[in-house]
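Enquirer: Here the sequence shown stands for residues 289 to 440, numbered as in the numbering used here. Here it is, the structure, as structure tokens.
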Amino acid sequence: MQALDAIDRNILRHLRENARMSNAALAKAVGLSPSACLRRINILEQSGVIRGYTALVGDSLGEDGIAVIIRISLEKQTEASFSRFESAVRRHPEIRECLLMTGDSDYLLRVDVDNAHEFERIHNDVLSKLPGVQRIHSSFSIRNVLATQRKK
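The structure is reproduced here in structure tokens:
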């Protein structure tokens, strides 16, 4: 793959904003014919620049919902331990994000709950039963600064 030019970068910018836009609309937005635009998209896909398309699922938090950030330390830091843990995490839709980390904890998870009682259920039924977990540290968010607008 050659270096991306300004048109390729513009195509990627538009697809990041709305990957479901029609080829005709994308072509118009980037100043190409539909066939030339589709050809460039195919090249970007075949070269691995575009690896796929996905749905971004919105926050499940209601007006008073709480994002809980959970730091997980495993008993062992081996490839097998990581693989077992990650496979188990994928089976629980309550876990919205799972990041392998450097530093004091092995993983950072995020779950969204309506209240402390709901988190207690997730802690008891899901988090504490994940394979290889040595330590769980949870922090409740006050608010998402980037997703909310404070009324003045």
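Note that the Cβ used here is the ideal one computed from N, Cα and C, for glycine as well.
Who are the near neighbours of S426 in its chain, counting only those whose CB is closer than 6 Å to its CB and skipping five residues on each side?
Expert: V356, I358
Enquirer: Since L396 sits in a beta bridge, which residues does DSSP pair it with?
Expert: R359, L387
Enquirer: Exposed or buried, which one is R308 when buried takes at least 16 other CB atoms within 10 Å?
Expert: It is exposed - the Cβ of R308 has fewer than 16 other Cβ atoms within 10 Å.
Enquirer: May I ask which residues mark the beginning and end of the alpha helix (DSSP H) holding I295?
Expert: 294-305
Enquirer: Could you give the first and the last residue of the continuous alpha helix (DSSP H) run that contains S369?
Expert: 367-378
Enquirer: Within a Cβ cutoff of 8 Å, which residues of the same chain sit near G353, ignoring the five residues on either side of it in sequence?
Expert: Here G353 has D347, D400, V401, D402 as same chain residues with Cβ atoms under 8 Å from its own Cβ, once five neighbours each way along the sequence are excluded.
Enquirer: Shorter than 8 Å from the beta carbon of L300 to some beta carbon of chain C?
Expert: Judged by its chain identifiers, the structure shown contains no chain C, having just a single protein chain.
Enquirer: Measuring straight from C-alpha to C-alpha, what distance separates A317 and A343?
Expert: Between the alpha carbons of A317 and A343 lies a distance of about 22 Å.
Enquirer: Among A291, K364, H405, E382, whose alpha-carbon lies nearest the alpha-carbon of V414?
Expert: E382
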